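All residue numbers for the sequence shown refer to the numbering used here, where the first residue is -3 and numbers rise by one. Where is the CB? At the ideal position from N, CA and C, for every residue including glycine. Remember, predicted model here, so these are calculated numbers, not experimental data. Down below is the structure, laid out as structure tokens.
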Amino acid sequence: MVCTPCSIRLCLGPGAGFFMLSFLYRVFVDSWVGRIVAGLFFLAFIGFGVGDVLMNIGTERADVVARVGDRPILVQSYQNALQSEMPQVAQSMHLSDPSQIPAATREQIARQVLTRLVLQAEIAEAADRHGLIVPDSVVRDEIFSIPAFRGRDGQFDRALFNDRLRRTGMSEGRLVDLVRQEQASRVLLQPIRDGATVPDVMTRRLFDFEAQTRTIDLVRVPFDSQQVTASPTPAQLARYHANHPWEFTAPEFRHARIVVLSADTIGRQLDISDDELHKAYEAQAQTFNSPERRTVQIVTVPTEARATALRAQWVDAGAWAQVQKDAGKDAAAVELPGIKVTDVPSADLGKQIFAAPADATQGPIKSEGGWVVFRVTAVTPAHATPFADVRQALHDQVAHSRAQALLADRVQKLQDTIAGGGLESIPADIGAAAVSGDVDASGLTHDGNPAPIPGSDAARQAIVARIFAQAKGANPELLQGPDGVWYAVSVDGVTPGHALSLQEAGPRVTAAWLADIRRHMADQQATAYYTQAQGQGGLGHVSPAIAGLEHSQPISPMQPAPEIPREVAALIFRLSQPGQSVMTQADDAYVVATLTAINHPDPAAQKNLYDRVRAGLTQSMGDDIEMTYGSALEGVVKPKPNDSAIKAVMSDVTGSQNTGTAQ
């Protein structure tokens, strides 16, 4: 069999495929190739439309943020890298969504990502200059090992490969070039990274910090645990209201008329017949009608006698590990989770597996590969979803698909209508949704509920932002918002924000006064505990004993205890010796804590952790050396940034006054 180097036909050589290392992990996650391709896979599956994402890769285009030699860094590649980076940063900052990252931080991340992409391009250029050649066989084997291109049998699947590339708009030749460049960069950088060595004293210091454990005593004083017996006098309420005016304000409200057009709004007006819905149901039969699935542990051995012996010892689920061990080197012992009967290579064996009771060892059974003993450990019954249960979902799906084809034409009609008569003359059959009412800058109505604006959360935020950016009485414009939504707004009333009088604030002042009193009482009680702990050597030595005193399990910087507030843990690891105490606020409580013990780790007893720390430091030092090498490369090939493209991406990342694109 002959493989064509140019087209990289990906012939499967001996030993390739099933037992290879995961290139998806090493390249499609940890490398610049991965950030490009994995980002494109993501975009393809969520339907952003990537039919021509890479159509013009390698040519001189306007959407280039920087160029290193002849190697362009495309805006699309840059955006994909950012989409991969932002969720990780949000998670590290304990944020639920990347949109919550401060704009300044998002800009800093964007600059760091661009710097990294430039460095990677410089290294690839250096590899080319040094004439590093990667054989076609190495490129082929790497692509074979990508899990995303493997079928159910674990082997490379040409049809799956073609489908994945088609979805991302990437050509086979472009993928081969990216993998070849990545391999050449590795060959160039590996000797540089291998020269990184970490001093033992540095490893020991970091190991001691990460593996060190501490125990603490702590007591919590919640604000709401304080009992306020007296009611506030009118004079006290008036004084509190006067001293805290920022707590009692009414936000600015704007009255707006809003028109929204999207595939969803158009789809609600489309008439989908039951016949069409039944056809859609039948086309997705595998989705709505799932066959029975089973998890089975199965052992295949050469002789019936060994199979009989294994069954005799396999009396319960807990014996599986020993059964695997005793099966022998010439046996096959595997667990197959969630398989269908058609997944079993032997039709006869499949029938027996799916007829067997759960949690009962079966066999020996003669099969094509030897003698089989198996045990079914879990059964997921077959499930059929009736048409009536999914009728509405199918209707929405079909309507949305049909509406997508109509959207461009409807957008043009809506644009013409708005230009000719504003928002008062929108035809009913155009498929747009219209709403009007008062809304504040948070998107809430006067009763504190979200305004009923059609669209996703991102679309609603963009529409509300536009309402508060647009002048009263300004002519409406049709804008493109997030998630395929088009919208126009007209602001015809503005109620400025203002301070609430004591009478308008009413019960809010009383509630705020009581909360402030409880907080002050909790502060006094916690301060008393802290003073006693400081004077008597810790909370555990205070007499009489403090009610509600907690004794923690050992905690470390790498394994914080979830029951201990982060604010407390951060302070505890700043203390130098047992007996010292701290006081801080955590959520709606004051917390006083005493360090009771510091346990220093023994490297010999935790060799695995010590080795991981050394490996991490070595990796970090290698990264630093690689960055230094990259900085030196800038003197050889100066990167050429495209300022306008970079500014456009930065504006999109930071969200600076970007509430839509006019059509």
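For the options Ala303, Ile212, Pro540, Glu248, the alpha carbon positioned closest to that of Leu571 is the one of Ile212. Between Arg406 and Gly427, the C-beta spacing is below 8 Å. The C-alpha of Gln75 lies about 19 Å from the C-alpha of Pro635. The Cβ atoms of Val369 and Val295 sit closer than 8 Å to each other. For Thr225, there is no enclosing beta strand (DSSP E), as DSSP marks it with neither H nor E. Judged by pairs of C-beta atoms under 8 Å, the segment 268 to 275 does not touch the segment 474 to 484, as fewer than three such pairs exist. Collapsing the DSSP output to three states places Ser286 in a strand.
Contact annotation: the segment 128 to 145 does not touch the segment 82 to 94, with fewer than three C-beta pairs closer than 8 Å. Assignment of alpha helix (DSSP H) within the segment 289 to 359, counting only whole runs of 4 or more residues, yields 300 to 309, 316 to 322, 343 to 351 in chain order. In the structure shown, the three-state DSSP call for Arg456 is helix. Here Ile254 is actually not in contact with Ser95; their C-beta atoms are around 21 Å apart, not less than 8 Å. The three-state reading of DSSP puts Phe244 in coil, since its state is none of H, G, I, E or B. Secondary structure at Val71: helix, using DSSP grouped into helix, strand and coil. The beta-carbon separation of Ile119 and Ile621, rounded to 12 Å, does not stay under the 8 Å limit for a contact.
Taken atom to atom, the span from the alpha-carbon of Ala305 to that of Asn285 is near 40 Å.
In the three-state scheme derived from DSSP, where H, G and I count as helix and E and B as strand, Gly477 is classed as coil. The bridge partners DSSP lists for Gln581 are Tyr586.
Residue pairing by DSSP places Lys636 opposite Arg63 in a beta bridge.
A residue is called buried when at least 16 other Cβ atoms come within 10 angstroms of its Cβ; Ala522 meets this threshold and is buried. Shown here for Val633: same chain residues with a beta carbon closer than 7 Å to its own, the five before and five after excluded, namely Val64, Gly65, Glu118, Glu121 in chain order. At least 8 Å separates the beta-carbon of Ala458 from that of Leu474. Contact annotation, Thr381 with Pro333: C-beta distance approximately 23 Å; criterion of less than 8 Å not satisfied.
With respect to the C-alpha of Gly502, the residue from Pro83, Tyr236, Leu128 having the closest C-alpha is Tyr236. Counting C-beta atoms within 10 angstroms of its own C-beta, Arg216 has 16 or more neighbours from the protein chains shown and is therefore classed as buried. Taking a cut-off of 8 Å for Cβ pairs, the segment 593 to 603 and the segment 202 to 211 touch, as three or more such pairs fall below it.
DSSP places Val538 in no alpha helix (DSSP H); its state is neither H nor E. Note: Gly433 is bridge-paired with Ala252 in the DSSP secondary-structure output.
No residue range can be given for Asp153, since it is assigned to no alpha helix (DSSP H) and is classified by DSSP as neither H nor E.
A residue is called buried once 16 or more other Cβ atoms fall within 10 Å of its Cβ, and Val330, having fewer, is exposed. In summary, Pro230 is exposed, with fewer than 16 beta-carbon neighbours lying within 10 Å of its beta-carbon over all protein chains present. Bounds of the beta strand (DSSP E) holding Arg216 are 209 to 218.
The residue from Thr245, Ala352, Val197, Thr590 with its alpha-carbon nearest to that of His547 is Thr590. For Thr491, the three-state secondary structure derived from DSSP is strand. The three-state reading of DSSP puts Thr261 in helix, counting H, G and I together. In the assembly as shown, Asp260 is a buried residue. Its beta-carbon has 16 or more other beta-carbons within 10 Å. When the Cα atoms are used, Glu563 and Leu214 turn out to be separated by approximately 13 Å.
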